[in-house]
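Novice: Using our numbering, you'd call the opening residue of the sequence shown number 90 and step up by one each time.
Note that CB positions come from ideal geometry on N, CA and C, so glycine has one too.
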Amino acid sequence: MQMASGDRISLQTYQFVGATPGKKVYIQANLHGAELAGNAVIHQLIEFLSDLDASALAGEIWLVPVCNPLGMNQRSHHFAAGRYNHYDGRDWNRIYWDYEQEGEDIDAFVRSHLNSDPMLIIQNYRQRIQASFQAQLEHLHSPAGAPVHKLYRAQLQSLALDADCVIDLHSSSNRGLDYLYYFRDRADSTSFFGLDFAILLDEYDGDAFDEAFIKPWLALEAEFAQQSRPIRFDIEAWTLELGTGMELNPESVAKGLRGIKHYLYQKGVLVGLEPSPVPSPTQFLAPRNAVEKYYAPTGGLIQARVDPGTWVKAGDRLYQLLSFNKSGQPPGVIEIQAKSTGLVYDISINHAVNQGEYVLAMVQRDV
Ligand SMILES: [Zn+2]
Numbered sequence: 090m091q092m093a094s095g096d097r098i099s100l101q102t103y104q105f106v107g108a109t110p111g112k113k114v115y116i117q118a119n120l121h122g123a124e125l126a127g128n129a130v131i132h133q134l135i136e137f138l139s140d141l142d143a144s145a146l147a148g149e150i151w152l153v154p155v156c157n158p159l160g161m162n163q164r165s166h167h168f169a170a171g172r173y174n175h176y177d178g179r180d181w182n183r184i185y186w187d188y189e190q191e192g193e194d195i196d197a198f199v200r201s202h203l204n205s206d207p208m209l210i211i212q213n214y215r216q217r218i219q220a221s222f223q224a225q226l227e228h229l230h231s232p233a234g235a236p237v238h239k240l241y242r243a244q245l246q247s248l249a250l251d252a253d254c255v256i257d258l259h260s261s262s263n264r265g266l267d268y269l270y271y272f273r274d275r276a277d278s279t280s281f282f283g284l285d286f287a288i289l290l291d292e293y294d295g296d297a298f299d300e301a302f303i304k305p306w307l308a309l310e311a312e313f314a315q316q317s318r319p320i321r322f323d324i325e326a327w328t329l330e331l332g333t334g335m336e337l338n339p340e341s342v343a344k345g346l347r348g349i350k351h352y353l354y355q356k357g358v359l360v361g362l363e364p365s366p367v368p369s370p371t372q373f374l375a376p377r378n379a380v381e382k383y384y385a386p387t388g389g390l391i392q393a394r395v396d397p398g399t400w401v402k403a404g405d406r407l408y409q410l411l412s413f414n415k416s417g418q419p420p421g422v423i424e425i426q427a428k429s430t431g432l433v434y435d436i437s438i439n440h441a442v443n444q445g446e447y448v449l450a451m452v453q454r455d456v
């Protein structure tokens, strides 16, 4: 993509190809501009894979660090503001092309593949996805041009569309724990990553990178089940959330790296010697609706807040809001208590909040 200044925005891909055929694994980092930790994970993966004998790798691994240069370079004073594209206000992770929304006749595709080998089904369905993707790419080259988000997503998705496994490395934009998002019927593999917990993306956010990749496959599985041939394709997408924004938290980087290596080993991509396994499996799984976000009930300053990683019971104090006024009264302190029992996993960096702004997130869980 060429900028007004004449500079060109481009992506660097690192590809490692094993001695034997196998899965294609696609890993990217920094899709949101402030979420840096995944870049350090990819750097260490590059070092690890560079030293690895080709016989210890089956299939191929594609790595794309700093995958969103525009978002990564955005600033508001000292702060990285790259969650949204300043040009059009779009969230950089809600813009992706989703084959499922093309409305192609999946019902007929399944009917014609009811007795086919799963490998052939994957191959033929992937061809359909690719053909549809190519068709929409042609619109980008019309004399009318195309908007930024479509140009950008075309580049990024073209790298990942034929993958068997997509791992998208994020962090909190604020301060958070290390956890992951997973999709329907993929709970088994969550334990390999050894993170604090995992959230099932059962309610879709809409056009996130991981979703756009896997939704067509989930739809295909659902249609096969509908036509009485339950089948689960070995196609997976993960979003890892590694710690705090604007930081390379060493512990989060180490956990991310160890988890990915262990996952790749378990999936047969790394073969031979087992890389150091995770010390404990991912600790618990939760549905999306177990996430509860707290927003400031009035404007003020946050104090005495619990840290990420704190388990709270209903009624426990989560934080205080120091609230100022213009009515001649002394400033007040408001206590905010937990509505339910669970784990606080993310908190806002800024302690000043307007009414309605984000303060913290917890995942409800009875213990
Ligand atoms: Zn993110």
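Looking only at its chain, what residues have a beta carbon closer than 6 angstroms to the beta carbon of I116, apart from the 5 residues adjacent to it on each side?
Specialist: Here the set comprises L152 and I256.
Novice: Go ahead and pull the three-state DSSP assignment for F168.
Specialist: Three-state DSSP puts F168 in a strand.
Novice: Please name the residue or residues paired with Y268 in a DSSP beta bridge.
Specialist: According to DSSP, which records beta bridges pairwise, Y268 is partnered with E330.
Novice: Which whole-angstrom value describes the C-beta separation of L289 and P376, a residue pair presumed to lie in contact below a C-beta threshold of 8 angstroms?
Specialist: The Cβ separation is near 5 angstroms, so the contact holds.
Novice: Using a Cβ-Cβ cut-off of 7 angstroms (strictly less than) and excluding sequence neighbours within five positions of A308, which residues of its own chain qualify?
Specialist: E189 and I195.
Novice: Let me see if you follow: with CB-CB separation under 7 angstroms, is Q133 close to chain C or not?
Specialist: Structure shown: chain C not included; a single protein chain is present.
Novice: What's the gap between the Cα of A123 and the Cα of A129?
Specialist: Those two C-alpha atoms are separated by around 13 angstroms.
Novice: Is DSSP giving W186 helix, strand or coil here?
Specialist: In the structure shown, W186 sits in coil (DSSP, three-state: anything other than H, G, I, E or B).
Novice: According to the Cβ coordinates, are Y408 and E330 closer than 7 angstroms?
Specialist: No, these two residues do not count as a Cβ contact at 7 angstroms.
Novice: Would you call the CB atoms of L432 and V422 closer than 7 angstroms?
Specialist: No, Cβ-Cβ distance for L432 and V422 is not below 7 angstroms.
Novice: What's the gap between the Cα of E336 and the Cα of R347?
Specialist: E336 and R347: Cα-Cα distance of roughly 18 angstroms.
Novice: Is the Cβ-Cβ distance between A147 and V358 less than 7 angstroms?
Specialist: In contact: A147 and V358 (Cβ atoms closer than 7 angstroms).
Novice: Cβ atoms of A118 and I131: under 7 angstroms apart, would you say?
Specialist: Result yes, Cβ atoms of I131 and A118 sit closer than 7 angstroms.
Novice: Short of 8 angstroms in beta carbon distance, which residues of its chain neighbour R242, apart from the five on each side in sequence? Order them along the chain.
Specialist: Same-chain partners within the cutoff: I184, Y185 and W186.
Novice: So R215 is in the alpha helix (DSSP H); what residue range does that whole segment cover?
Specialist: Where R215 is concerned, the enclosing alpha helix (DSSP H) stretches over P207 to L229.
Novice: What do you reckon, is the C-beta of H228 under 6 angstroms from a heavy atom of ligand 1?
Specialist: Result no, Cβ not under 6 angstroms from ligand 1.
Novice: So which residues put a beta carbon under 5 angstroms from any heavy atom of ligand 1, going in chain order?
Specialist: After applying the 5 angstroms Cβ criterion, the set is H121, E124 and H259.
Novice: Do three or more CB pairs link the segment 311 to 326 to the segment 386 to 400 at distances below 8 angstroms?
Specialist: They do not touch, by the three-pair rule.
Novice: Is T279 helix, strand or coil when you go by DSSP?
Specialist: In the structure shown, T279 sits in a helix (DSSP, three-state: H, G or I).
Novice: Within 10 angstroms of the Cβ of Q444, are there 16 or more other Cβ atoms? Answer buried if so, exposed if not.
Specialist: Its Cβ having fewer than 16 others within 10 Å, Q444 is exposed.
Novice: Quick one: using the 10 Å Cβ neighbour count with 16 as the cut-off for buried, is M208 buried or exposed?
Specialist: Under this definition M208 is an exposed residue.
Novice: Going by DSSP, what residues sit across from C254 in a beta bridge?
Specialist: C254 is bridged to V114 and E325.
Novice: Since C254 contacts V114 with CB under 8 angstroms, what's their CB separation in whole angstroms?
Specialist: C254 to V114, Cβ: 5 angstroms. Contact.
Novice: Please list, in chain order, all residues of the same chain as A427 whose beta carbon is under 6 angstroms from its beta carbon, the five residues on each side excluded.
Specialist: So the qualifying residues of the chain are V401, A403, D405 and L407.
Novice: Going by the CB atoms, is the gap between Y103 and I135 shorter than 7 angstroms?
Specialist: Cβ atoms of I135 and Y103: closer than 7 angstroms.
Novice: Given this structure, state the Cα-to-Cα distance separating H440 from L390, to the nearest angstrom.
Specialist: One C-alpha to the other measures close to 5 angstroms.
Novice: May I ask which residues mark the beginning and end of the beta strand (DSSP E) holding V433?
Specialist: Residues G431 to I436.
Novice: Around the Cβ of P158, are there at least 16 other Cβ atoms within 10 angstroms (buried) or fewer (exposed)?
Specialist: Its Cβ being crowded by 16 or more others within 10 Å, P158 is buried.
Novice: Please state whether DSSP places H259 in a helix, a strand or coil.
Specialist: Reduced to three states, the DSSP call for H259 is strand.
Novice: Using only the alpha-carbon positions, how far apart do D177 and D251 sit?
Specialist: Answer to the nearest angstrom: the Cα atoms are 29 angstroms apart.
Novice: My guess is that G265 and G171 are in contact by the Cβ rule of under 8 angstroms, so how many angstroms apart are they, rounded?
Specialist: With 8 angstroms as the limit, G265 and G171 do not qualify as a contact, their Cβ atoms being about 17 angstroms apart.
Novice: In this structure, does DSSP put V446 in helix, strand or coil?
Specialist: Looking at the sequence provided, one finds Glu at residue 446 rather than Val. E446 falls in the coil class under three-state DSSP.
Novice: Among E193, T387 and V237, which one has its Cα closest to the Cα of Q216?
Specialist: Here the closest residue by C-alpha is E193.
Novice: Quick check on R377: does DSSP put it in helix, strand or coil?
Specialist: Looking at R377 - three-state DSSP - the assignment turns out to be helix.
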